[in-house]
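What follows is a single structure, written as structure tokens, with notes after it.
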Amino acid sequence: MYLDVADAKSLPTGWSRSAQFSLAVINQLDSKHSVRKEVTHTFNSRESDWGFTSFMPLIDLYDPSKGYIVNDQCIIEAEVAVRKIVDYWNYDSKKETGYVGLKNQGATCYMNSLLQTLYHIPYFRKHDVQELNRVLCEKLEDKMKGTIVEGTIQKLFEGHHMNYIECIGVDYKSTRKESFYDLALDVKGCSDVYASFDKYVAVEMLDGDNKYQSEKYGLQDAKKGMLFIDFPPVLQLQLKRFEYDHARDIMVKINDRYEFPLQLDLDRDDGKYLSPEADRSVRNLYTLHSVLVHSGGVSGGHYYAFIRPTLSNQWYKFDDERVTKEDTKRALEEQYGGEEELPHTNPGLNMNPLKFTKYSNAYMLVYIRESDKEKIVCDLEETDINEDLKTRLRKEDEDKENKKKEKAEAHMFTTFKVARDHDLAAQIGRDMFFDLVDYEKIHPIRVLKDMPFNQVKEEFSKEFGIPVHSQRFWWWSKRQNNTYRPTRPLTQQEESYTVGQLKDAAIRMNSSELRLYLEVVQENHLTLASRTKDDILLFFKLYDPEKEELRYVGNLLLKASSKPSDIVPKLNEIAGFQPDEDIELYEEIKFEPNIMCEPVDCDVSFSLNQIADGDILCYQKRCSLDQHRHPNVSSFFEYVHNRQVVHFRLLEKPKQDDFSLELSKRSTYDDVVEKVAQHLGMDDPSKLRLTQHIPHLQQPKHQYIKYRSIDHLSDMLLLRNPNQMSDILYYEILDIPLPELQGLITLRVAFHQATPNEVLFHIIRLPKGSAYSDLIDDLKSKVKLSRSDAELRLFQVNNNKIWKVYQPTEKIDAVHDPNVPLHVEEIPEEEKSAGPRDRLVHVVHFFKDNQHIQYYGVPFFFLIREGEALSDIKVRIQKKFEVPDEQFLKWKFAYVAYNRPDYLQDSDIVLSRFQQKNIYGPWEQSLGLEHSDMPTKRANQNRHSFEKPVKIYN
């Protein structure tokens, strides 16, 4: 039941109405039992009706005793409260502006803004090219070679400038001509575009220690600069809003105010930007076409564009899918950046104005030369549109109209499904083995609700060539054992109903849709046999144990009083067997939760075998049980029901399938590992260890499957909490049997050698109940120590900070995660000579991201002497890590507590910082090393400095 907006078609473009409403079917016997549902929805042209697909069971509605229909009247009540709200979510850009946006595919707004800018240069679009700035231009140039549009990119975007060096004291000048597709202009220190161009062509003096080395005259004072030979028709200006801050060692965004004019005159001041060889007859007066905007900071943000597609006074904002009309002030002045004053909320108070930095500002400008405007901003004819595109657009329009029509006429139509023997034969033995047909794969038939069913029979006769008198339709319904079978034929009265009435009848029989089976007269009969109470319709499947194949072979109308042995010759004829072939018959009863398929006694009647309408009989040639893998129908059904293809992956490579095996869900633990061992060519299956798969995370479970701890394969593939089935298992090949391994503690140890950054990993196994001293003894036999009497220290690292130090006498936790390594290092000799006031300090590596500390690398302990200044400590740390002087100069040192760095000076006595702090936890205070040689994993923190470049492959 739905609520519709009555005047939807006559409302203006972009209309929306928000309403909270309730719909109710009133119980006329007791209003307390009325069925009422409520919801809130914003109605618009796309969703002009809203409500409930399943409001109440029709069986309850039609039940006279329930009180919903009295004297053939049903009372429906609607209460509607309309709310005033602007719904921008359903804003229709096409209707409001005539333009459409581009979907954001996930952080593609920067690309959308650029594509919209280029698309709205009609000359560019007319030649059927699009590009993603410089990278796409280069790719398009290659693609255009040898075509009629070769050279389009250069013609639109390519300009040239001249780099020169001119000696002052001697007559020597060096020049080099270069092309460009866009210009990168400085924002920092420049008030507007003209100031950036002045800086671009500013002369640099090469003198003093920076003299120019001339091949002919040696070192000379010289002037170095750049001038433009020509500008392109479409001038793209990249504004350098992002730069590297050397002092802070991070990328930053420049949000300074930066103005750009509606008209840009690059011939100003007597053509000071032009080289002597420039063509002065070309007027370099440009009109602003597009402003691309970045809103946000250096770590991320959003991109959109302001565009004048026709260079009129009307600007449009293209923000992904939404396109809105904007004025010139919004497109220009509000994108300059800088600061903005907040309005006074209390004008009576004399307060200094509050200012905030505007993080939305222009980062790219596109200008079009006035003299080329008519050629570039040209009209597009229909002939300029690719024929394939026009065909696709027409098809989309037709689909929209058809959907709109279907929606408008939906109340007049209904659907139903009819299964024929053709469908049964197509599915059984291929897509399914149990039951007769999967109605989900039957195409629905859509007809008018008031179409008489007899007319449907006429249509079937025309489409399938089945005479009306040879058609008998059966109700299809669910049995108590959850199987679906034909139950009875439609009566003559039911066949006189409309399709809508039949569907209502199906709903009253607890069926969600009208499903029918079409029985067709057998070829040796002229008309359908008249049914008597003794007649039953049975369906037959044929099983071939040699080929392990099952197929549907048809149906027979039989007498319930007859015996199965009476139809053996007929079944042999259908199967192509000899008339006297000895066959076995089985009744397929059900398949969930367990298979029930029982032999049929051929010497008693069908009725005594409890076989009735719609039942399925499977038959086969009789054979010995040891002759085939699945010798009879029952064993074949068990096999099909329980078979499971399992994809095995090596635990070390959890993303890729290694091999697949077909197993049975009833396979025991021993069966599974034996099959895997056979596939891998292993002699001892007990050296295999399996791990379950977590489907919703697409990764292995943290804990492996213990030896014989799970009974069957089905339990291995079923993950509890939440209940999810998988078809993936991970395996490991062990060097010792799993039962033996489970009696040991497995530890992964990272041994830090004296050489910086050199770490060796070892797997150590110890009996349960061992102490860490046992681990140390075992490790000493595996590694090379600097001294035979060297002592080792064990500690745990968590989030790149030392979490805990283990004492040798401590017992090893039996549940220690073997994937989390224990860190072990030699205790330096200098610690043994430490004074009473010297201190062992926790040292961490970190960098700052948006003023927050990010730890990385492996922390360590470092002995700091009483009264030792930072300058002395730096010498020892540089020696420890063997860092070159040039690189070490960039390192910063800080006292870190609660993730806040307090930077130290060379003269600071470091231990005084630690001793004056009252910190909870022994390792919560540390000496922090901030340095720029950060791991590559941090690349995604700043797309402007570390992100991989854009690549276009096709």
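Letter by letter, the sequence shown follows residues 122 to 1075 of the working numbering. Even for Gly, the Cβ is constructed at its ideal location relative to N, Cα and C. Keep in mind the model is a prediction, meaning the values are calculated, not measured.
Q. Candidates Ala547, Asn405, Leu772 and Lys276: which alpha carbon is nearest His823's?
A. The shortest Cα separation from His823 among Ala547, Asn405, Leu772 and Lys276 belongs to Leu772.
Q.
Please state the DSSP three-state secondary structure of Lys247.
A. Because the pLDDT at Lys247 is just 40, under 50, the model does not fix this residue reliably, and the value given afterwards should be weighed accordingly. Three-state result, Lys247: helix.
Q: Along the beta strand (DSSP E) that carries Tyr1016, what are the first and last residues, could you check?
A: Its beta strand (DSSP E) spans residues Lys1013 to Ala1018.
Q | Three-state secondary structure assigned by DSSP to Ile948 | A | Note: Ile948 maps to coil in three-state DSSP.
Q | the region 753-763 in contact with the region 714-722 per 3-pair CB rule at 8 Å | A | Yes, the region 753-763 touches the region 714-722.
Q) Since Glu517 is in the beta strand (DSSP E), which residue starts that stretch and which ends it? A) For Glu517, no beta strand (DSSP E) run applies; the uninterrupted alpha helix (DSSP H) run containing it begins and ends at Glu508 to Ala529, by DSSP.
Q) From Ile566 to Thr604, what distance separates their C-alpha atoms? A) In this structure, the CA atom of Ile566 is about 24 Å from the CA atom of Thr604.
Q | Contacts around Leu470, its chain only, beta-carbon distance under 7 Å, and the 5 residues preceding and following it disregarded | A | Because Leu470 carries a pLDDT of 47, less than 50, the predicted location of this residue cannot be relied on, and the following value inherits that uncertainty. Cβ within range, chain order: n/a, list empty.
(Q) Determine whether the beta carbon atoms of Ser587 and Phe594 lie at a separation below 7 Å. (A) Residue identity differs from the one stated: residue 587 is Ile in this sequence, not Ser. Going by C-beta atoms, Ile587 is not nearer than 7 Å to Phe594.
Q) Which class does Val412 belong to by DSSP, given the choice of helix, strand or coil? A) Val412 sits in a strand when the DSSP states are folded into three classes.
Q) Can you name the residues that DSSP bridges to Pro888? A) Partner residues in the beta bridge of Pro888, as assigned by DSSP, are Leu865.
Q. Are the region 803-810 and the region 833-850 touching, with three or more C-beta to C-beta distances below 8 Å?
A. Inter-segment contact for the region 803-810 and the region 833-850 is absent: fewer than three beta-carbon pairs are separated by less than 8 Å.
**Q.** Tyr488 vs Leu327 beta-carbon contact at 7 Å
**A.** Result no, Cβ atoms of Tyr488 and Leu327 do not sit closer than 7 Å.
Q.
Using DSSP's beta-bridge definition, name the partner residues of Arg810.
A. Per DSSP, the beta bridge partners of Arg810 are Glu853.
(Q) With a threshold of 6 Å on Cβ separation, who are the neighbours of Lys932 within its own chain once the five nearest residues in sequence on each side are excluded? (A) Ala892.
Q. In chain order, what residues of the same chain have a beta carbon less than 7 Å from the beta carbon of Met572, not counting five sequence neighbours either side?
A. Thr619 and Val620, listed in sequence order.
Q: Starting from the Cα of Gly310, find the closest Cα among Arg362, Ile563 and Arg869 and give me that residue.
A: Considering only Arg362, Ile563 and Arg869, the residue with the shortest C-alpha distance to Gly310 is Arg362.
Q) Within 10 angstroms of its Cβ, does Thr504 collect 16 or more other Cβ (buried), or is it exposed? A) The residue is exposed, with fewer than 16 neighbouring Cβ atoms inside 10 Å.
Q: List in chain order: all unbroken alpha helix (DSSP H) runs of 4+ residues lying wholly within the region 173-205.
A: Runs found: 179-182.
**Q.** Coil, strand or helix - Gln601 by DSSP
**A.** Of the three classes helix, strand and coil, the one that applies to Gln601 here is coil, per DSSP.
Q: Report buried or exposed for Met837, applying the criterion of at least 16 other Cβ atoms within 10 angstroms of its Cβ.
A: By the 10 Å Cβ count, Met837 comes out buried.
Q. Since Gln1008 is in the alpha helix (DSSP H), which residue starts that stretch and which ends it?
A. For Gln1008, the uninterrupted alpha helix (DSSP H) segment begins and ends at Asp1006 to Phe1009.
Q) Does the beta-carbon distance from Glu325 to Lys298 come in below 7 Å? A) No, Cβ-Cβ distance for Glu325 and Lys298 is not below 7 Å.
(Q) Just to confirm my understanding: we take Gly280, look at its own chain, exclude 5 residues before and 5 after, and list those with CB closer than 6 Å. What are they? (A) Spatial neighbours of Gly280 in its own chain (CB-CB distance under 6 Å, excluding positions within 5 residues in sequence) are listed in chain order as Phe301, Asp351, Phe352 and Pro353.
(Q) Is there a C-beta anywhere in chain C that falls below 7 Å from the one on Phe1014? (A) Protein chains in the displayed structure number just one, and chain C is not present.
Q | Rounded separation between Ile849 and Gln813 - CA only | A | Straight across, the Cα-Cα distance linking Ile849 with Gln813 is about 7 Å.
Q: Pick helix, strand or coil for Asp386, following the three-state DSSP scheme.
A: In the three-state reduction of the DSSP assignment, Asp386 falls in the strand class.
**Q.** Nearest residue (CA-CA) to Val568, options Leu486, Val191, Lys624 and Glu517
**A.** Comparing Cα-Cα distances from Val568 to each of Leu486, Val191, Lys624 and Glu517, the minimum goes to Lys624.
Q) Is DSSP giving Ala681 helix, strand or coil here? A) Residue state, collapsed to three classes: coil.
Q: Keeping to the same chain, check which residues put their C-beta closer than 7 Å to that of Tyr828; ignore five residues upstream and five downstream.
A: If we look at Tyr828 and ignore the five residues flanking it on each side, its Cβ neighbours are Leu859, Pro860 and Gln863.
Q) Expressed to the nearest angstrom, what Euclidean distance is found between the alpha-carbon atoms of Lys903 and Asp792? A) Roughly 38 Å between the two C-alpha positions.
Q) So does the region 449-463 actually touch the region 388-405, counting three or more Cβ pairs closer than 8 Å? A) With a cut-off of 8 Å, the region 388-405 and the region 449-463 do not count as touching, because too few Cβ pairs lie within range.
**Q.** Beta-bridge partners of Val1130, as assigned by DSSP
**A.** Past the boundaries of the shown model lies residue 1130; the chain is included only from 122 to 1075, so the question cannot be answered.
**Q.** Segments assigned beta strand (DSSP E), at least 3 residues, entirely inside the region 528-596
**A.** Fully enclosed beta strand (DSSP E) runs of 3 or longer: 534-540 and 566-569.
Q | For His154, the three-state DSSP class (helix, strand or coil) | A | His154 falls in the helix class under three-state DSSP.
**Q.** Top-ranked residue by Cα proximity to Pro690, from Gln999, Asn507, Asp832 and Cys723
**A.** Cα-wise, what sits closest to Pro690 is Cys723.
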